Amino acid sequence: MEADDFERVRGVIAAIPAGSVLAYGEVAARAGLPGRARLVGRILAEDGDDLPWHRVLRADGSPAPHLATEQLARLRTEGVLAEGGRVRMRPHGRATHDRGLCAYDDRDCR
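Note that my numbering has the sequence shown beginning at 6, numbered continuously upward.
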């Protein structure tokens with residue numbers, strides 16, 4: 006992994022506003038690394054304590070299994086509700102493609 010990739014991923018995660026969520030794959034795509042969702046998970050696991058890690062979910066809206074209780078509680082305080090242990094991604098994440106969340110200049114990041 007290149008240091009630049011690492012910083013772009015961290016930049017996208019840091020820019021996720023309270024009350025919004027993104028899937029690991031969407032974070033990767035916005036960082037210019039499509040198809041690298043696992044890299045996002047690795048970065049969060051190794052060096053994500055200072056980031057709003059709780060705003061990154063699986064594509065189906067489910068939290069990280071080992072952090073589910075804490076992750077959903079943090080999201081709840083931001084107004085993001087889960088149903089059946091999953092967040093409905095559309096109202097909280099994918100429908101709001103803020104260009105400010107893009108860590109690089111790319112026309113596909115909308």
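Even glycine gets a Cβ: it sits at the ideal position worked out from N, Cα and C.
None of these values were measured; they are calculated from a predicted model.
Measure the alpha-carbon distance for residue i versus residue j and round it to whole angstroms.
{"i": "VAL32", "j": "PRO70", "result": "19 Å"}
{"i": "ARG47", "j": "VAL26", "result": "18 Å"}
{"i": "GLY90", "j": "ASP9", "result": "34 Å"}
{"i": "ARG78", "j": "PRO39", "result": "Residue identity differs from the one stated: residue 78 is Ala in this sequence, not Arg. Using only the alpha carbons, I get a separation of about 29 Å."}
{"i": "VAL17", "j": "ALA42", "result": "13 Å"}
Can you name the residues that DSSP bridges to residue i?
{"i": "VAL61", "result": "LEU27"}
{"i": "VAL17", "result": "Paired residue(s): none; VAL17 is not in a bridge."}
{"i": "ARG91", "result": "GLU88"}
For residue i, is the classification buried or exposed, using 16 other Cβ atoms within 10 angstroms of its Cβ as the cut-off for buried?
{"i": "LEU49", "result": "buried"}
{"i": "GLY66", "result": "buried"}
Looking only at its own chain, which residues have a Cβ that is under 8 Å from the Cβ of residue i, when we skip the five neighbours before and after it?
{"i": "GLU51", "result": "none"}
Taking 6 Å as the limit between beta carbons, can you name the residues of its chain near residue i, skipping five residues before and five after?
{"i": "GLY84", "result": "GLY24"}
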